[in-house]
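Asker: Attaching a single structure in structure tokens format; questions to follow.
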Amino acid sequence: MRKPRVASFIILAALGILAVPTVRAQVRITAITCDTSNASATVRVTCTGTIGSFQKPERQGKDLVIRIVDAELASDAAISTCEDLKPRLSQIRNFFVLRLNTSTFSGDATIGRDGTNAIVVRIDKRSEESTSSEQRAASNEPRATSNEPRATSNNWSLDVIVIDAGHGGKDVGAIGVNGSYEKDVTLALARKLRDRIKEQFPKTKVVMTRDSDVFIELYRRTQIANEAKGKLFISIHCNSMPTKPHPANGCETYILRPGRNDDAARVAALENASVRFESSQDRYKGMTEDQLIVATMAQRSFVRFSEELAQRIQQRVSKSTGLTSRGVNQAGFFVLVGASMPNILFETAFLSNNKDAAYISSTAGQNATADAMMDAITDYATFYERTLKH
């Protein structure tokens with residue numbers, strides 16, 4: 046029998062994401078001015094009061110996106126035409142969003158305060174050599190229709206894959222009906238997957254967030270991935286139910302988005318509970334529903350790639366291992382927030398299920414699962430390279 050749905054605020058609480066009512070913006074934007082030269086463009090945003098916080102400019106295709114928290118546009122705001130940048134303004138909950146077309150000014154972008162009530166964005170102009178090169182390429186290629194990476198950039202080569210073995214050290218994770226620890230199963234799987242990637246893709250660097258029984262903070266795991274300039278982040282976990290043994294079984298793969306059902310909320314709450322082992326939990330207190338939405342938006346340029354990898358892992362693992370496919374789902378996992386690359390969280394099997402626990406704890410089961418994950422990564426790599434060439 047299906048479990049009755051619970052109120053959305055309970056789901057968010059289980060996620061560690063406290064729903065907050067939409068509040069009136071703390072500052073109003075009174076002016077947006079632009080100044081362009083041959084070398085750069087400067088955009089100044091002026092407000093009525095002190096600007097609390099803003100985000101680092103984000104590239105989305107030809108657009109540069111700036112978000113200011115707790116701000117909204119005043120009804121009588123003075124907006125420069127800024128013909129070179131074509132500013133577009135929008136309001137997403139309590140975030141003021143400014144989009145600038147940077148077809149001409151596509152160099153480095155910086156943002157900073159100018160006093161307490163203004164921020165200044167500076168965008169450098171791309172070099173003539175880069176402009177000519179892209180124009181030549183454009184004459185032979187179809188126009189891009191999305192925010193996906195272009196094949197002309199070496200930055201999008203699948204040269205670094207980051208594997209995250211969930212839990213570790215004092216954080217044992219779920220405990221199986223057979224006494225197995227999630228932290229041990231995930232590390233064994235991560236090592237097996239690493240070895241297979243190295244064998245099949247010898248030119249690809251594999252980075253492990255942990256390669257021993259140590260505790261790594263959730264936020265630090267994506268930091269490691271970003272510092273390594275990873276092109277793929279795979280977080281490996283085991284599922285579990287509160288009561289044992291339990292009939293729930295199978296594998297499922299998650300991408301970062303607000304949870305859309307009760308079971309996704311349960312899984313995220315289970316994995317996010319690792320923060321209790323961290324010395325400070327302050328950094329997670331601001332993870333409201335709004336902040337999760339923004340984190341999802343920040344990954345918008347590569348969410349399609351995350352979904353593609355998730356689908357391939359589900360297909361390969363369920364077909365090769367016999368583990369039931371529970372499909373691709375979405376939830377607010379802290380370990381995925383901040384990743385600057387396609388990312389997924391894979392729940393391999395239920396340690397609370399007798400059959401699943403025995404399988405995923407065995408060498409044969411782990412080898413089969415790692416083989417299937419490797420096949421999924423190979424499928425993804427083919428899709429990835431094909432996408433970049435078109």
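Remember, this note's numbering sits 45 above the position in the sequence shown when you count from 1. Using N, Cα and C, we set each Cβ at its ideal position, and we do this for glycine too.
#1: Grouping DSSP H, G and I as helix and E and B as strand, with all else coil, what is MET253?
#2: Would you mind reading off the limits of the alpha helix (DSSP H) that contains VAL348?
#3: Mind listing, in chain order, the continuous beta strand (DSSP E) runs of no fewer than 3 residues lying wholly within the segment 68 to 115?
#4: Could you compute how far the alpha carbon of SER120 sits from the alpha carbon of SER82?
#5: Can you say whether GLY214 is buried or exposed, counting buried as having 16 or more other CB atoms within 10 angstroms of its CB?
#6: Check for me: the beta strand (DSSP E) holding TYR226 runs from which residue to which?
#7: Whole-angstrom Cβ separation of ASP256 and LYS228, contact assumed at under 8 Å?
#8: Between the segment 400 to 415 and the segment 360 to 371, can you find at least three pairs of beta-carbon atoms closer than 8 Å?
#9: Three or more C-beta pairs closer than 8 Å, one from the segment 235 to 255 and one from the segment 346 to 365: is that the case here?
#10: If you draw a straight line from the alpha carbon of ARG349 to that of ASN374, how long is it in whole angstroms?
#11: Give the DSSP bridge partners of GLU392, in chain order.
#12: Might you give, ordered along the chain, the residues of its own chain that have their beta carbon closer than 8 Å to the beta carbon of ASN162, omitting 5 neighbours on each side?
#13: CB-CB under 7 Å to SER225, same chain, minus the five flanking residues each way: which ones, in chain order?
#14: Is ALA119 helix, strand or coil by DSSP?
#15: Give the range of the alpha helix (DSSP H) segment to which THR29 is assigned.
#16: Just to confirm my understanding: we take CYS127, look at its own chain, exclude 5 residues before and 5 after, and list those with CB closer than 7 Å. What are they?
#17: For the putative contact between TYR425 and LEU354, defined by C-beta atoms under 8 Å, what is the C-beta separation to the nearest angstrom?
#18: So ARG89 and VAL205 are supposed to be a Cβ contact under 8 Å. How far apart are they, rounded?
#19: Report the rounded CA-to-CA distance for PRO102 versus ARG167, giving the unit in angstroms.
#20: Please say whether LEU118 and PRO132 have beta carbons closer to each other than 8 Å?
#21: Return the bridge partner residues of SER135 from the DSSP annotation.
#22: Tell me which residue opens and which closes the alpha helix (DSSP H) that ALA270 is part of.
#23: Inspect the beta-carbon positions of ALA219 and SER285 and report whether they are closer than 8 Å.
#24: CB-CB under 8 Å to SER370, same chain, minus the five flanking residues each way: which ones, in chain order?
#25: Please classify SER436 as buried or exposed, where buried requires at least 16 neighbouring CB atoms within 10 angstroms.
#26: Tell me the rounded alpha-carbon separation between PHE428 and THR75.
#27: Out of ASP240, ASP169, ARG265, HIS282, which one is the CA nearest neighbour of LEU109?
#28: Can you tell me the Cα-Cα spacing of ARG311 and GLY160, whole angstroms?
Answerer: Let me lay it out:
#1: The count along the sequence shown starts at 1 and reaches residue 253 at position 208. Here MET253 sits in strand by DSSP.
#2: Within the sequence shown, numbered from 1, the residue matching residue 348 stands at position 303. Counting along the chain, the alpha helix (DSSP H) containing VAL348 begins and ends at 348 to 366.
#3: 72 to 81, 85 to 92, 103 to 105, 108 to 114
#4: Counting from 1 along the sequence shown, the entry for residue 120 is found at position 75. Counting from 1 along the sequence shown, the entry for residue 82 is found at position 37. Between SER120 and SER82, the C-alpha separation is close to 30 Å.
#5: The residue you call residue 214 lines up with position 169 of the sequence shown. Exposed, since its Cβ has fewer than 16 Cβ neighbours within 10 Å.
#6: As a position in the sequence shown, residue 226 is number 181, starting the count at 1. It is not in any beta strand (DSSP E) - TYR226 carries neither H nor E in the DSSP assignment.
#7: Against the sequence shown, residue 256 aligns to sequence position 211. Against the sequence shown, residue 228 aligns to sequence position 183. Incorrect: roughly 13 Å between the Cβ atoms, too far for contact.
#8: yes
#9: no
#10: For the purposes of this step, residue 349 is taken as residue 304 along the sequence shown, with counting starting at 1. For the purposes of this step, residue 374 is taken as residue 329 along the sequence shown, with counting starting at 1. Between ARG349 and ASN374, the C-alpha separation is close to 14 Å.
#11: Taking the sequence shown and counting its residues from 1, one reaches residue 392 at position 347. Among the bridge pairs identified by DSSP, GLU392 is matched with HIS282, GLU297.
#12: Locating residue 162 in the sequence shown gives position 117, counting from the first residue. So the qualifying residues of the chain are VAL72, THR91, CYS92, THR93, GLY94, THR95, ILE96.
#13: Counting from 1 along the sequence shown, the entry for residue 225 is found at position 180. Excluding residues within five positions, the ones whose Cβ falls inside 7 Å are LEU396, ALA402, SER406.
#14: The sequence position of residue 119 within the sequence shown is 74, counting from 1. Shown here, ALA119 sits in a strand according to DSSP, grouped into three states.
#15: The structure shown does not extend to residue 29, since the chain is modelled only from 46 through 435, so no value can be given for it.
#16: Walking along the sequence shown from the start, residue 127 turns up at place 82. Result list for CYS127: CYS79, in chain order.
#17: Reading the sequence shown from its first residue, position 380 is the one you call residue 425. Reading the sequence shown from its first residue, position 309 is the one you call residue 354. Confirmed, about 5 Å.
#18: Taking the sequence shown and counting its residues from 1, the one referred to as residue 89 is at position 44. Taking the sequence shown and counting its residues from 1, the one referred to as residue 205 is at position 160. Not confirmed; about 37 Å, so no contact.
#19: Position 57 of the sequence shown, counted from the first residue, corresponds to residue 102. Position 122 of the sequence shown, counted from the first residue, corresponds to residue 167. Their Cα atoms are separated by approximately 10 Å.
#20: As a working mapping, residue 132 is identified with position 87 in the sequence shown. As a working mapping, residue 118 is identified with position 73 in the sequence shown. The answer is no: Cβ separation not under 8 Å.
#21: Position 90 of the sequence shown, counting from 1, holds the residue named residue 135. In DSSP, SER135 forms a bridge with VAL142.
#22: For this step, residue 270 is matched to residue 225 along the sequence shown. Taken as a continuous stretch (DSSP letters only), the alpha helix (DSSP H) holding ALA270 covers 263 to 272.
#23: The sequence position of residue 219 within the sequence shown is 174, counting from 1. The sequence position of residue 285 within the sequence shown is 240, counting from 1. Yes, Cβ-Cβ distance for ALA219 and SER285 is below 8 Å.
#24: Here residue 370 is taken as the residue at index 325 of the sequence shown, counted from 1. Contacts found: GLY295, CYS296, GLU297, GLN359, GLN360, VAL362, SER363.
#25: Because the chain here runs from 46 to 435, residue 436 falls outside it and cannot be looked at.
#26: By one-based count along the sequence shown, residue 428 stands at place 383. By one-based count along the sequence shown, residue 75 stands at place 30. Cα-Cα distance, rounded: 46 Å.
#27: Here residue 109 is taken as the residue at index 64 of the sequence shown, counted from 1. Comparing Cα-Cα distances from LEU109 to each of ASP240, ASP169, ARG265, HIS282, the minimum goes to ASP169.
#28: Here the question's residue 311 lines up with position 266 in the sequence shown. Here the question's residue 160 lines up with position 115 in the sequence shown. Their Cα atoms are separated by approximately 44 Å.
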